[in-house]
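Residue numbers (this note's numbering), protein chains in the order written: chain L, 1 to 220; chain X, 1001 to 1220. Virtual Cβ for every residue (Gly too), placed ideally from N, Cα, C. Below: the structure, in structure tokens.
2 protein chains.
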Amino acid sequence: MPETPDRDQTGRKEKIPGPTVARLPIYFRCLAELKERNVRIVSSGDIATAAGIKASQFRKDLSYFGEFGIQGLGYPVEDLLDRIRSIMRLDRRRRVVLLGAGNLGSALGNFPGFSRWGFDVVYVYDSADEKIGTTLNGIPVEDIGKLPKELDVELGILAVPPEAAQTCAELLTRSGVSAILNFTGRPLTAPKGTVIRNVNLTHELAILAYNLAGEPDLVV
Amino acid sequence: MPETPDRDQTGRKEKIPGPTVARLPIYFRCLAELKERNVRIVSSGDIATAAGIKASQFRKDLSYFGEFGIQGLGYPVEDLLDRIRSIMRLDRRRRVVLLGAGNLGSALGNFPGFSRWGFDVVYVYDSADEKIGTTLNGIPVEDIGKLPKELDVELGILAVPPEAAQTCAELLTRSGVSAILNFTGRPLTAPKGTVIRNVNLTHELAILAYNLAGEPDLVV
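Quick look at the structure:
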């Protein structure tokens, strides 16, 4: 296959827009549900309705990843599900380290969705004496001061208090973590090559409240 | 003041783009931090750097809400903070009802950021016998079967298992809730006029993992 300038070695176009990437899990979930219901062929319109977007958006999102579907017929559910699983690299299990075993950390360590999608929290660290030595979803909570320099885990979840956010992020990257899901509400500075995704629950509630009086009747 | 076609009665332009609204809390947090550090004037460049976006984006976002800042000088921090607080309606306290007192619900009921931003979880409901009658952050956990028809609360947080999502969403809207922060991972169908914001923690982790191998060195 000749190389095309806008695709990398895996055939994937480079620079996939963030919103497109953010919709892939939604498509994946919709397709998984269709498969469970033994639906074999689906139209872009049906998926779009289930995902709450426009059919043209769905087709455009898919176009970043190659050719899909059969003209005039639709998309074979199982094939599209497999391909999105592969694009998202959900076809393997991934190990995750969790920093913070407080209320939110405990909820995340027990979150059933992670495991269902192949993410296994395998290490939990905290700094509080009353947490260290307990277990979280079967995982021993260890002293954050003893986080090893080479943990052999790429994905980290940060659920520590805001004032500890940056220090703990540095501990994570020093131990080899290169992607951090950041629940602390504080922006992080991290070494080049680190991917950070911020999830700010307070902001989510504030955005919801803003839209309440603003523009009713929509998913925001 | 003459009416202009693209502004509503509060002077706010209609149809503020979702991404603009989603950045308002980030600006608000940045400005609050600047004020704490006694910074009085800030440039769009400084705020943009702190928020992790481009200065032109910041100025464009603000432009939806009127005139801000002093040409050639910058933005008075306290004034801009007050105005964004007012735009986001964070200048009042808001009551919140929480459905689900499991791991995630407990974390949300105790989440310190909510209260700091004026959101008070005042009711908690669950269906599990072992939860009902306990307290969560000082709030008694009540039987979801006894959710009254008129709760006088606009904002609801849904942290129940996925299979209970739709039923509980209907209980919420029947009790007068018109905005739901949905952590169940299931899309909801709600009556016209209801605002829904979906927060899917599994999707967040999957999006992070996708970006790990894809495009390093970025906030996604």
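Would you kindly work out how many angstroms separate the C-alpha atoms of residue i and residue j, rounded to a whole number?
i	j	result
G118(L)	L90(L)	7 Å
P25(L)	A1179(X)	23 Å
S44(L)	T20(L)	15 Å
L1062(X)	I1084(X)	9 Å
G1105(X)	A1159(X)	5 Å
L80(L)	D126(L)	41 Å
A209(L)	G1176(X)	15 Å
P191(L)	A50(L)	39 Å
I70(L)	R116(L)	30 Å
T10(L)	L34(L)	The predicted position of T10(L) is uncertain, since its pLDDT is 48 and thus under 50; no value can be drawn from it.
G1109(X)	Y75(L)	42 Å
K15(L)	R93(L)	25 Å
D1046(X)	I87(L)	37 Å
K1060(X)	D129(L)	48 Å
T1189(X)	K1131(X)	27 Å
P17(L)	R23(L)	10 Å
A1048(X)	E1150(X)	43 Å
V1153(X)	L172(L)	40 Å
E36(L)	V1195(X)	29 Å
F1068(X)	A55(L)	38 Å
T134(L)	G1133(X)	26 Å
E142(L)	A1032(X)	35 Å
Could you work out which residues of chain L lie near residue i, taking near to mean beta carbons separated by less than 8 Å?
i	result
T1202(X)	P25, F111, G113, F114, R116, W117 and F119
Going by C-alpha distance, which of the options is nearest residue i?
i	options	result
P1187(X)	I41(L), G156(L), I53(L) and K15(L)	I53(L)
G1072(X)	T1189(X), I1157(X), V1195(X) and V1042(X)	V1042(X)
D155(L)	E78(L), L147(L), D120(L) and V141(L)	In the sequence as presented, Asp is not what sits at residue 155(L); that position holds Leu. Closest by alpha carbon: D120(L).
V122(L)	L98(L), F111(L) and G145(L)	L98(L)
G1102(X)	T1184(X), I1047(X) and R1174(X)	T1184(X)
Q1057(X)	E1033(X), Y1027(X) and R1174(X)	Y1027(X)
N137(L)	R23(L), F111(L), A55(L) and A128(L)	F111(L)
G193(L)	K1131(X), N1211(X) and N1200(X)	N1211(X)
A169(L)	G74(L), V39(L), G100(L) and K131(L)	G100(L)
C30(L)	E67(L), D82(L) and K60(L)	D82(L)
R174(L)	E142(L), R37(L), L147(L) and V124(L)	L147(L)
P1162(X)	E1067(X), N1200(X), A1055(X) and G1145(X)	N1200(X)
I139(L)	V124(L), L172(L), I132(L) and R94(L)	V124(L)
G1167(X)	I1144(X), D1152(X) and E1067(X)	In the sequence under discussion, the amino acid at residue 1167(X) is Thr, which differs from the Gly named in the question. That would be I1144(X), whose Cα lies nearest to the Cα of T1167(X).
Quick one: list the residues of chain L neighbouring residue i, beta-carbon separation under 7 Å, in chain order.
i	result
E1067(X)	Result: empty, since nearest Cβ-Cβ is about 20 Å, beyond 7 Å.
P1187(X)	G52
E1154(X)	L212
L1090(X)	A206
Contact defined as beta carbons within less than 8 Å: I believe residue i pairs with residue j. What is the distance between those atoms, to the nearest angstrom?
i	j	result
P107(L)	A1107(X)	Position check: residue 107(L) holds Ala in this sequence, whereas Pro was assumed. That belief holds up - the Cβ atoms of A107(L) and A1107(X) are roughly 4 Å apart, short of 8 Å.
R197(L)	I1157(X)	Contact doesn't hold; Cβ gap of about 21 Å is too wide.
T1202(X)	F114(L)	6 Å
V96(L)	V39(L)	So it is not a contact: roughly 32 Å between Cβ atoms.
L1181(X)	L205(L)	6 Å
Starting from the beta carbon of residue i, find every residue of chain L whose beta carbon is closer than 9 Å, and list them in chain order.
i	result
R1085(X)	Correct list: empty, because the minimum Cβ distance to chain L is about 10 Å.
L1104(X)	L104, A107, L108, N110 and F111
R1059(X)	Result: empty, since nearest Cβ-Cβ is about 20 Å, beyond 9 Å.
V1042(X)	Ordered by position in chain L, no residue passes the 9 Å Cβ test against V1042(X), which lies about 16 Å from the chain.
Please list, in chain order, the chain X residues whose beta carbon lies closer than 8 Å to that of residue i.
i	result
V199(L)	V1199, L1201 and E1204
L80(L)	By Cβ distance, chain X contributes nothing, its closest Cβ being about 17 Å from L80(L), past 8 Å.
A179(L)	L1208, A1209, N1211 and L1212
A22(L)	H1203 and I1207
Could you work out which residues of chain X lie near residue i, taking near to mean beta carbons separated by less than 7 Å?
i	result
R94(L)	A1209
Legend entry - Complete beta strand (DSSP E) runs within the stretch 109–137 of chain L (minimum length 3 residues, chain order): For secondary structure counted as the beta strand (DSSP E) over 3 or more consecutive residues, the stretch 109–137 of chain L holds these complete runs in sequence order: 119–126.
Legend entry - Completely contained beta strand (DSSP E) runs for the stretch 1137–1212 of chain X, where each covers 3 or more residues: Every unbroken stretch of the beta strand (DSSP E) spanning 3 or more residues and falling wholly within the stretch 1137–1212 of chain X is given here in chain order: 1139–1143, 1155–1158, 1179–1182 and 1195–1198.
Legend entry - Complete alpha helix (DSSP H) runs within the stretch 1006–1087 of chain X (minimum length 4 residues, chain order): Within the stretch 1006–1087 of chain X, the complete alpha helix (DSSP H) segments at least 4 residues long are 1018–1036, 1044–1051, 1055–1063 and 1077–1087, listed from N- to C-terminus.
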